[in-house]
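Student:
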Amino acid sequence: MKKLSLFILFILLIPISSEAQTTSPTLIGYWHNWDDSNAPYIPLDQVDARYKVVNISFAVPQTGTDYKMEFIPDQVNSTTLISQIQFLQSQGRTVNISLGGAGTHIALDQISKRDTFINTMNTILNTYGFDGIDIDLEGNSVVVSGGTIAIPVDAKIINLIDAIKQIMSDYRSTYNRKMFLSIAPETAFVQGGMSAYGGIWGAYLPIIDALRDSIDILHVQLYNSGSMYGIDGNIYTQGTADFIVAMTEACIQGFNTSGGFFNGLPASKIVVGLPACSLAAGGGFADTLMVKSAIDYLIGNGPQPGSYSLIQSGAYADLRGMMTWSINWDAINSCEDSYQFAENFENIFNQTTQTSNPNATPRKIMIHPNPVAGKLNVKIEGSKKSLFNYQLYNYLGVCIRSGNIIECGNSIDISNLTTGIYTLQIDKERTMFIKQ
Numbered sequence: 495m496k497k498l499s500l501f502i503l504f505i506l507l508i509p510i511s512s513e514a515q516t517t518s519p520t521l522i523g524y525w526h527n528w529d530d531s532n533a534p535y536i537p538l539d540q541v542d543a544r545y546k547v548v549n550i551s552f553a554v555p556q557t558g559t560d561y562k563m564e565f566i567p568d569q570v571n572s573t574t575l576i577s578q579i580q581f582l583q584s585q586g587r588t589v590n591i592s593l594g595g596a597g598t599h600i601a602l603d604q605i606s607k608r609d610t611f612i613n614t615m616n617t618i619l620n621t622y623g624f625d626g627i628d629i630d631l632e633g634n635s636v637v638v639s640g641g642t643i644a645i646p647v648d649a650k651i652i653n654l655i656d657a658i659k660q661i662m663s664d665y666r667s668t669y670n671r672k673m674f675l676s677i678a679p680e681t682a683f684v685q686g687g688m689s690a691y692g693g694i695w696g697a698y699l700p701i702i703d704a705l706r707d708s709i710d711i712l713h714v715q716l717y718n719s720g721s722m723y724g725i726d727g728n729i730y731t732q733g734t735a736d737f738i739v740a741m742t743e744a745c746i747q748g749f750n751t752s753g754g755f756f757n758g759l760p761a762s763k764i765v766v767g768l769p770a771c772s773l774a775a776g777g778g779f780a781d782t783l784m785v786k787s788a789i790d791y792l793i794g795n796g797p798q799p800g801s802y803s804l805i806q807s808g809a810y811a812d813l814r815g816m817m818t819w820s821i822n823w824d825a826i827n828s829c830e831d832s833y834q835f836a837e838n839f840e841n842i843f844n845q846t847t848q849t850s851n852p853n854a855t856p857r858k859i860m861i862h863p864n865p866v867a868g869k870l871n872v873k874i875e876g877s878k879k880s881l882f883n884y885q886l887y888n889y890l891g892v893c894i895r896s897g898n899i900i901e902c903g904n905s906i907d908i909s910n911l912t913t914g915i916y917t918l919q920i921d922k923e924r925t926m927f928i929k930q
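Quick note: the sequence shown uses my numbering, first residue 495, plus one each step.
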């Protein structure tokens with residue numbers, strides 16, 4: 495077969511202005527703005543439908559600065575990505591821009607840096623139409639040298655708090671709605687405050703406390719972590735059910751630090767953050783059964799899975815959901831089955847992307863052969879409909895053909911198409927194929 499260049503497929507959409515809404519429970523995933531042979535790039539508009547909140551990774555400082563932010567699509571142009579963002583939003587999904595990531599240094603230690611950060615973040619939000627911001631600052635971007643949780647004294651922390659408040663105010667003025675805000679600290683920056691309050695230890699606590707009324711979701715990264723104290727005074731190790739339960743309840747109940755008491759957030763704002771695959775993190779991976787046993791216990795649907803006993807006997811039925819690093823790692827099958835994390839979320843929270851409406855969008859499109867030279871055989875699973883409309887799009891996102899297709903036993907003759915990569919769309923479901 496003749497080798498084909500990889501094209502990015504997209505569909506032009508009418509921009510929408512309505513606010514993307516999330517419902518509880520929620521599955522959240524980070525999306526890679528790059529290609530990696532171990533966790534390949536996924537076109538944004540082909541992200542699994544179970545991910546209702548998608549955090550785009552990452553906005554970073556421009557070269558030579560630690561405060562002047564930029565976001566550059568790596569695999570597609572800006573116009574294409576904007577269309578793909580709008581497609582997800584048209585499905586009621588939330589698309590945020592995540593700030594920082596591992597190895598990125600952002601330091602707002604001066605007022606001038608704070609103001610430039612605000613202006614450049616506003617530009618990113620307005621250019622791409624993101625629903626909000628996810629804060630994922632790591633390393634020494636946020637550190638504590640004194641003060642308390644309620645009254646921080648460090649310029650980096652004070653300026654970051656003020657910057658986020660101003661960005662949220664600007665967003666509301668522009669769009670007449672609240673900006674979505676999530677925070678994704680490592681454990682040292684939150685639960686680590688029980689061990690010490692200084693440096694990175696507990697450094698996010700003043701930020702969370704100051705922004706608590708604005709935060710939609712707090713998903714601490716329960717991975718790449720050392721052992722941590724639980725609020726029962728015992729020490730727990732990542733990659734265990736006890737660690738998941740203990741660290742999650744600490745965020746809800748709050749805990750003492752030498753910088754004062756940290757008041758927890760409601761369970762409805764707390765999401766359990768875990769890696770989708772053992773290869774996705776340096777440590778902290780928990781298999782499907784372990785994750786399910788831990789979260790079942792947290793939401794009151796299962797027995798105590800380890801030695802940690804919940805302080806609140808009634809559990810937390812309104813726990814917000816699950817987060818993973820990352821959607822791309824969840825999509826591969828080299829660790830577990832493809833989308834095992836998303837499937838586990840459905841099993842835990844009794845969620846399904848399928849609907850009982852007989853006219854609903856099909857759950858899955860099955861095609862063969864692929865690559866194909868003549869007739870493309872199509873089977874549609876998960877819907878009671880018998881007749882569907884379909885569209886074929888070329889690599890430019892241009893609809894080149896449309897027609898009707900029945901649920902099974904149907905084929906589409908594509909023998910007259912030129913060699914290349916195409917997208918078949920049926921209702922809102924899409925799949926790619928290669929024409930030989």
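We put the beta carbon where it would ideally sit given N, CA and C, even for glycine.
1. Report the residue ranges of all alpha helix (DSSP H) runs contained in full by the segment 688-718; include only those spanning at least 4 residues, in chain order.
2. Using DSSP with H/G/I as helix, E/B as strand and the rest coil, what is Gln885?
3. DSSP three-state label for Trp528, please.
4. If you count every other CB in all the chains shown that lies within 10 Å of the CB of Val647, and 16 or more means buried, which is it?
5. Residues bridged to Leu870 by DSSP?
6. Mind checking His526: buried by the 16 CB within 10 Å criterion, or exposed?
7. Could you check the C-alpha separation between Leu675 and Phe624 for me, to the nearest Å?
8. With distances taken from CA atoms, which of Phe756, Asp609 and Ser639 is nearest Ile655?
9. What do you get for Asn549, buried or exposed, if any count of 16 or more other CB atoms within 10 angstroms of its CB means buried?
10. In the DSSP assignment, find the alpha helix (DSSP H) that holds Phe843 and state where it starts and stops.
11. Short of 8 Å in beta carbon distance, which residues of its chain neighbour Pro865, apart from the five on each side in sequence? Order them along the chain.
12. What does the alpha-carbon distance come out to for the pair Val541 and Phe882?
13. Leu521 to Gly686, Cα distance in whole Å?
14. Could you check the C-alpha separation between Lys873 and Arg924 for me, to the nearest Å?
15. From which residue to which residue does the alpha helix (DSSP H) around Ile605 run?
16. Kindly indicate the opening and closing residues of the alpha helix (DSSP H) around Gln919.
17. Does Lys929 come out as helix, strand or coil in the three-state DSSP assignment?
18. Write down every uninterrupted run of the beta strand (DSSP E) in the segment 556-588 whose length is 3 residues or greater and which is fully enclosed by it, in chain order.
19. Kindly indicate the opening and closing residues of the alpha helix (DSSP H) around Thr782.
20. Identify the residues that DSSP records as bridge partners of Trp819: which are they?
21. Comparing C-alpha positions only, which one of Ile658, Arg706, His713 and Gly794 sits nearest to Thr681?
22. Of all the options Gly523, Tyr622 and Pro519, which has the alpha carbon lying nearest to the alpha carbon of Gln834?
23. Going by the beta-carbon positions, is the gap between Val785 and Ile826 smaller than 9 Å?
24. Mind checking Gln578: buried by the 16 CB within 10 Å criterion, or exposed?
Tutor: Judging by the given coordinates:
1. Look at the segment 688-718 and you find these whole runs of alpha helix (DSSP H), each 4 residues long or longer: 699-704.
2. In this structure, Gln885 counts as strand in the three-state DSSP scheme.
3. Coil at Trp528, not helix or strand.
4. Burial check for Val647: the Cβ neighbour count within 10 Å stays below 16, so the residue is exposed.
5. For Leu870, which the question treats as bridged, DSSP gives the partners Ile906.
6. Label assigned to His526: buried.
7. Whole-angstrom Cα-Cα distance: 11 Å.
8. The option with the nearest alpha carbon to Ile655 is Asp609.
9. Counting Cβ neighbours within 10 Å, Asn549 comes out buried, since at least 16 surround it.
10. First-last of the alpha helix (DSSP H) with Phe843: Gln834 to Phe843.
11. Setting aside the 5 residues that flank it on each side, Pro865 is surrounded in the same chain by Met495, Phe927, Ile928, Lys929 and Gln930, each with a C-beta closer than 8 Å to its C-beta; the list follows chain order.
12. Spanning the two alpha carbons is a distance of roughly 22 Å.
13. The alpha-carbon atoms of Leu521 and Gly686 are separated by roughly 25 Å.
14. Near 13 Å, if we compare the C-alpha coordinates of Arg924 and Lys873.
15. Annotation for Ile605: the continuous alpha helix (DSSP H) segment containing it runs Ile605 to Tyr622.
16. For Gln919, there is no enclosing alpha helix (DSSP H); the residue is found in the beta strand (DSSP E) stretching over Gly914 to Ile920.
17. Lys929 falls in the strand class under three-state DSSP.
18. Qualifying beta strand (DSSP E) stretches: none in this window.
19. Looking at the DSSP string, the run of the alpha helix (DSSP H) that includes Thr782 is Thr782 to Leu792.
20. Trp819 is bridged by DSSP to Pro769.
21. When only C-alpha atoms are compared, the closest one is His713.
22. When each option's Cα is compared against that of Gln834, the closest is Gly523.
23. For Val785 and Ile826, no; Cβs fall outside 9 Å.
24. Per the 10 Å Cβ criterion, buried.
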